[in-house]
Amino acid sequence: MPRTFAKKASTFLARDGIVLYDNPAAFLICAFKHDNALCEPDPGATAPRQYDCRPGCGNTVRTDSHARLLRERANELDQLASRAPDPVSKRLRVNANRLRETADIHDATAHPTEALT
Ligand code: SF4
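Numbered according to the working numbering, the sequence shown spans residues 772 to 888.
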């Protein structure tokens, strides 16, 4: 990845005055646009309710690093599932698979760095 990538990506995503919010707990960057936000910010709010970040929001931006972290977390959940009783184990595996699906969607739809230049 070129050293200038972060600056180019930031400039690209900040076009039209969009403000970016890092949301590591959800493995994403929020390119906040109030009208698209699924986390239901208050009317006139200038920031998302990141603690209530929801899957499928159109403001979501992920990098390859986020996809890698999603898969790492999925593997951790699978390890926990292997030691958990049945109902909990099943739920952990469902969550792990959901994280992997999100990473797969990123891989299938990601734009290369060159698209930002
Ligand atoms: S749901 Fe998540 S990605 Fe969407 S606006 Fe809220 S914090 Fe940002």
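Don't be surprised by glycine CBs; every beta carbon is placed ideally from N, CA and C.
Nothing here was measured: the structure is a model prediction, and the numbers come from that model.
Rounded straight-line distance, which links the Cα of residue j to that of residue i
i	j	result
Leu848	Ala874	15 Å
Leu809	Arg825	6 Å
Thr782	Pro795	20 Å
Ser860	Arg854	8 Å
Pro812	Ala852	34 Å
Pro858	Asn866	13 Å
Pro814	Cys828	17 Å
Phe798	Ala816	22 Å
Arg844	Ile876	16 Å
Nearest-angstrom beta carbon gap, residue j and residue i [assumed within contact, 8 Å]
i	j	result
Thr831	Cys801	7 Å
Ala838	Asp878	6 Å
Three-state class that DSSP yields for residue i in the structure shown
i	result
Ala874	helix
Ala879	helix
Contact set for residue i: own chain, Cβ-Cβ below 7 Å, skip 5 residues either direction
i	result
Val790	Phe803
Cβ shell of residue i (< 8 Å), same chain only, five flanking positions each side left out
i	result
Asp823	Cys810 and Glu811
His842	Note that residue 842 corresponds to Arg in the displayed sequence, not to His. Closer than 8 Å at Cβ, skipping near neighbours: Leu870, Arg871 and Ala874.
Same chain only: Cβ atoms within 6 Å of residue i, ignoring 5 sequence neighbours per side
i	result
Arg820	Cys810 and Pro812
Practice task
Return the chain-ordered ranges of every alpha helix (DSSP H) run that is complete within the segment 772–858 and spans a minimum of 4 residues.
Solution key: 776–784 and 835–853
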